[in-house]
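Okay, so here's the structure we're looking at.
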Amino acid sequence: MSVIVALFALSVSGTAAAATTNEPAATNLFGGNSFLEINDAGLLVRWDRTGSTYARNVIGSGWGDTRLITGTADTQLLQLRWDDNLLEWFIPPGSVRPISAGWGATRLNTGLDNSNFLEIKTNGDLIRWTVNATGQVWSPVKIGNGWDNTRLIIGLNSTTFLEVTKAGDLVRWTITANVPSRQFIGAGWGNARLLAGVNGTRFVEVTDSGDLIEWNAAGNTYVGSRAGQGWQPARLLG
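Heads up: the sequence shown runs through residues -18 to -1, 1 to 220, numbered per mature numbering (1 follows the signal peptide of the UniProt record, and there is no 0).
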């Protein structure tokens, strides 16, 4: 990759050690310290950053019917199932609110915050969904088209998201008045298998080889450190 990478070895599988950094002030997903994983066994796991490590917390089992997952707040997540139903869960799972059926045209999605998420449709449209004041009704606004070339997408905060293109480019997008503006970050992201936003300036990556990389913003680029290994069983991040 074109960004700077500092590698830190991790000797214990099942835990994740991260580089020590100052916690940035930003609008955060999951309080700015966590991300979600669904593994091949169907477990839903929340990884919580405490100090310089990520701690593994199994939230529930039986999540094998999930096609896409994304966190929207420290106590909320969206689950798109293989039956094309979209559900809003409150952590720990036990409280769930069905949003609607008929999401078969959704190719990718990602949370921005607890009242916004993005959807990329199979026709290439980029949709921003916003919930009303009661938290009951979600409304769509089309904010772009031609997003067929997007391979991965993750939200960082209420107005910022990252895209990995099919060509392996990393692009940062900022939304202003429902108009996304593009900033090219770097090439060489073809080996990124999964991504998840942690906060406005931090995200994690699972590579094709099973490494977990934590990336932190540094000016107009990101600095990476290996935060774990053995992540081949991870099926989804959010």
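For every residue, glycine included, the Cβ atom is placed at its ideal position computed from N, Cα and C. A quick note: this is a predicted structure, and the numbers were derived from the prediction, not measured.
Check: Which of the three DSSP states, helix, strand or coil, is assigned to Asn105?
Finding: coil
Next item on the list: Go through its chain and collect everything with a Cβ distance to Glu5's Cβ below 6 angstroms, but skip five positions before and after it.
Entry: Residue confidence is low: Glu5 scores 24 on pLDDT, short of 50, so the model does not pin down where it sits. No coordinate-derived value is stated.
Next item on the list: Can you grab the Cα-Cα spacing for the pair Thr116 / Asn21, in whole Å?
Entry: 33 angstroms
Check: Considering only residues of the same chain and omitting the five flanking positions on each side of Ser97, which have a CB-CB separation below 7 angstroms?
Finding: Thr112 and Val113
Checklist line | Every unbroken beta strand (DSSP E) inside the segment 13 to 75 [3 residues or more] | finding: 16 to 21, 26 to 32, 35 to 42, 48 to 55, 58 to 63 and 68 to 72
Checklist line | Cβ shell of Arg175 (< 7 angstroms), same chain only, five flanking positions each side left out | finding: Val188, Thr189 and Asp190
Note to self: Beta-carbon within less than 6 angstroms of Ala37's beta-carbon, same chain only, minus the 5 sequence neighbours each way: which residues are those?
What the structure shows: Asp30
Item checked: Extent of the continuous beta strand (DSSP E) run through Trp197 -> Leu194 to Ala200
Next item on the list: Identify, in the order they occur along the chain, each residue of the same chain with its Cβ nearer than 8 angstroms to the Cβ of Asp109, setting aside the five sequence neighbours on each side.
Entry: Checking the sequence shown, residue 109 turns out to be Ile, not Asp. The residues are Leu100, Glu101, Ile102, Lys103, Pro122, Val123, Lys124 and Ile125.
Checklist line | Through-space distance from Trp213 to Gly192, alpha-carbon basis | finding: 4 angstroms
Check: Which of the three DSSP states, helix, strand or coil, is assigned to Trp129?
Finding: helix
Note to self: Between Thr48, Gly14 and Asp151, which has its C-alpha nearest Ala23's C-alpha?
What the structure shows: Thr48
Notebook entry, point to check: Can you tell me the Cα-Cα spacing of Arg164 and Asn181, whole angstroms?
Noted result: 19 angstroms
Check: In its own chain, which residues sit with a C-beta less than 6 angstroms from the C-beta of Trp45, not counting the 5 before and 5 after it?
Finding: Ile20, Gly24 and Leu26
Note to self: Quick check on Gln165: does DSSP put it in helix, strand or coil?
What the structure shows: strand
Notebook entry, point to check: Taking Cβ positions, are Gly150 and Ala178 nearer each other than 7 angstroms?
Noted result: no
Notebook entry, point to check: At which residues does the beta strand (DSSP E) containing Val188 begin and terminate?
Noted result: Arg184 to Thr189
Checklist line | As assigned by DSSP and simplified to three states, the class of Ser121 | finding: strand
Item checked: First and last residue of the uninterrupted beta strand (DSSP E) at Thr158 -> Leu152 to Thr158
Notebook entry, point to check: With distances taken between CB atoms, is the gap from Gly53 to Gly14 smaller than 7 angstroms?
Noted result: no
Margin query: Could you tell me the alpha carbon to alpha carbon distance between Gly128 and Ala83, rounded to whole angstroms?
Written below: 25 angstroms
Item checked: Through-space distance from Phe143 to Leu50, alpha-carbon basis -> 17 angstroms
Check: How many angstroms separate the CA atom of Asn10 from the CA atom of Asp95?
Finding: Unreliable positioning characterises Asn10 in this predicted model, as indicated by a pLDDT of 38, which lies under 50. The coordinate reading is nonetheless provided below. Computed Cα separation, rounded: 7 angstroms.
Notebook entry, point to check: Hey, how far is the Cα of Trp71 from the Cα of Leu59?
Noted result: 5 angstroms
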